[in-house]
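Enquirer:
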Amino acid sequence: MNIIVCIKQVPDTANVKINPETNTLIREGISSIINPFDMYAIEEGLRLKEKFGGKVTVISLGPPQSMNALKEAVGMGADEAIQLSDRAFAGSDSWATSYTLALAIKKMGEFDIILCGKQAIDGDTGQVGPGIASQLGITQLTYVFKIVKLDPYAGTLIVERLLEEGREIVEAKLPALLTVVKDINQPRSTTIFHIRRASKLIIPTWTAADLPEVEMSKLGLKGSPTQVIKISSPPKREGVLDLIEADSVELSATILADKIMAEKIL
Ligand SMILES: Cc1cc2nc3c(=O)[nH]c(=O)nc-3n(C[C@H](O)[C@H](O)[C@H](O)COP(=O)(O)OP(=O)(O)OC[C@H]3O[C@@H](n4cnc5c(N)ncnc54)[C@H](O)[C@@H]3O)c2cc1C
1 MNIIVCIKQV
11 PDTANVKINP
21 ETNTLIREGI
31 SSIINPFDMY
41 AIEEGLRLKE
51 KFGGKVTVIS
61 LGPPQSMNAL
71 KEAVGMGADE
81 AIQLSDRAFA
91 GSDSWATSYT
101 LALAIKKMGE
111 FDIILCGKQA
121 IDGDTGQVGP
131 GIASQLGITQ
141 LTYVFKIVKL
151 DPYAGTLIVE
161 RLLEEGREIV
171 EAKLPALLTV
181 VKDINQPRST
191 TIFHIRRASK
201 LIIPTWTAAD
211 LPEVEMSKLG
221 LKGSPTQVIK
231 ISSPPKREGV
241 LDLIEADSVE
251 LSATILADKI
261 MAEKIL
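Quick note, the sequence shown lines up with residues 1 to 266 if you use this note's numbering.
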């Protein structure tokens with residue numbers, strides 16, 4: 001099976017800070033990670049490969065440092081990786097991101113399944129997966145909780161989707177794009193063997209010039225139909241404790257206990 005996993009590099013914080021003048025993320029001093037939901041997508045891709053054979057290729061659109069995210073995915077066991085990086089891609093909204101990723105996937109050739117996270121923890125729109133599927137004209141199955149059955153020979157799969165009002169079982173034809181929720185699996189760690197392979201693997205960087213039949217007017221900020229005019233944090237609610245700086249459950253519990261003692265909240 002040819003499995004493609006789309007991964008986005010995101011800031012390693014829930015406390016995203018925005019530059020009020022440019023309405024862009026302040027990235028200085030913040031380390032980056034693979035979008036947590038994409039870790040589940042990678043894991044599912046690796047499990048499918050282990051079951052049915054084939055290869056897993058990870059792809060990411062982002063600035064040069066997104067190479068680290070791709071290397072980490074190879075360190076988990078992905079076979080190949082492709083980076084999409086070009087100044088022309090900067091400022092892409094979810095439509096332009098989907099367009100660019102879809103063109104790159106077309107260039108990659110035949111595939112059976114594309115896996116994405118259900119959403120990115122910074123942009124948070126959940127639109128890129130469905131956007132890629134509609135650009136490629138393939139089936140999209142969102143919020144997948146379980147791949148119940150996959151038959152690569154018949155080209156069919158059955159999945160269970162996690163919805164607000166319950167679960168839904170859907171049968172579809174391959175090729176298909178799945179966005180996955182965190183309940184689908186437990187992502188594995190990187191291994192020394194795969195980290196060594198990642199350090200030696202030459203990961204190509206594709207620019208706009210490498211994309212077939214690209215329309216430059218559809219790329220980046222200029223090609224983006226949505227633009228963020230203003231971003232602001234919601235006002236803090238009275239009586240809500242700020243635990244966002246606590247980086248462990250134990251610390252959160254300690255802060256909470258101290259607060260309860262000090263203010264006799266209960
Ligand atoms: C605070 C903030 C607000 C924003 N608001 C908007 C907005 O309202 N409208 C808008 O169109 N854009 C918005 N953006 C821009 C948006 O982050 C990017 O356009 C982004 O590339 C796509 O949206 P997302 O991050 O929401 O991804 P999502 O659609 O939430 O991501 C879903 C999945 O798609 C895949 N994916 C997403 N991006 C990539 C990538 N670069 N490379 C590979 N795979 C990827 C991953 O598998 C991911 O799990 C905003 C950005 C920020 C920081």
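All C-beta atoms, glycine included, are put in the ideal place defined by N, C-alpha and C.
#1: Among residues of its own chain, excluding the 5 on either side of Asn35, which ones have a beta-carbon nearer than 7 Å to its beta-carbon?
#2: Buried or exposed: which applies to Ser66, given that a residue is buried once 16 or more other Cβ atoms fall within 10 Å of its Cβ?
#3: Where does Asn35 fall in DSSP's three states?
#4: Short check: CB of Val128 to CB of Ser98, under 9 Å?
#5: Would you kindly work out how many angstroms separate the C-alpha atoms of Ile147 and Ile260, rounded to a whole number?
#6: Report whether the distance from the Cβ of Asn19 to the nearest heavy atom of ligand 1 is below 8 Å.
#7: Within 10 Å of its beta-carbon, does Gly53 have 16 or more other beta-carbons around it, so buried, or fewer, so exposed?
#8: Quick check: is any heavy atom of ligand 3 less than 8 Å from the C-beta of Val128?
#9: In terms of residue numbering, what span does the beta strand (DSSP E) encompassing Lys149 cover?
#10: Quick check: is any heavy atom of ligand 1 less than 8 Å from the C-beta of Trp95?
#11: So the alpha helix (DSSP H) Pro130 belongs to, where does it begin and stop?
#12: Roughly how many whole angstroms lie between the Cα atoms of Asp93 and Met39?
#13: Kindly indicate the opening and closing residues of the alpha helix (DSSP H) around Thr74.
#14: Taking the C-alpha atoms as reference points, what is the distance between Glu213 and Ala81?
#15: If you measure between the beta carbons of Val180 and Leu136, is that distance less than 9 Å?
#16: Check whether the Cβ atoms of Trp95 and Thr226 sit closer than 9 Å, and answer yes or no.
#17: So Thr125 and Leu61 are supposed to be a Cβ contact under 8 Å. How far apart are they, rounded?
#18: With 16 as the cutoff for other CB atoms within 10 Å, does Lys71 come out buried or exposed?
#19: Are the segment 26 to 34 and the segment 153 to 165 touching by the rule of at least three beta carbon pairs closer than 8 Å?
#20: Suppose you measure from the CA of Leu178 to the CA of Val5; what does that come to, to the nearest Å?
Expert: The relevant details are as follows:
#1: Ile7, Lys8, Val10, Gly117, Ala120, Ile121
#2: buried
#3: coil
#4: In contact: Val128 and Ser98 (Cβ atoms closer than 9 Å).
#5: 44 Å
#6: no
#7: exposed
#8: Within the structure as shown, ligand 3 is missing, the only ligands being ligand 1.
#9: Here the beta strand (DSSP E) through Lys149 covers 139 to 151.
#10: yes
#11: 128 to 136
#12: The C-alpha of Met39 is placed about 22 Å away from the C-alpha of Asp93.
#13: Here residue 74 turns out to be Val, not Thr, going by the sequence shown. Per DSSP, Val74 belongs to the alpha helix (DSSP H) from 67 to 76.
#14: 22 Å
#15: no
#16: yes
#17: Incorrect: roughly 14 Å between the Cβ atoms, too far for contact.
#18: buried
#19: Because the criterion of three Cβ pairs below 8 Å is not met, the segment 26 to 34 and the segment 153 to 165 do not touch.
#20: Approximately 10 Å, taken between the alpha carbons.
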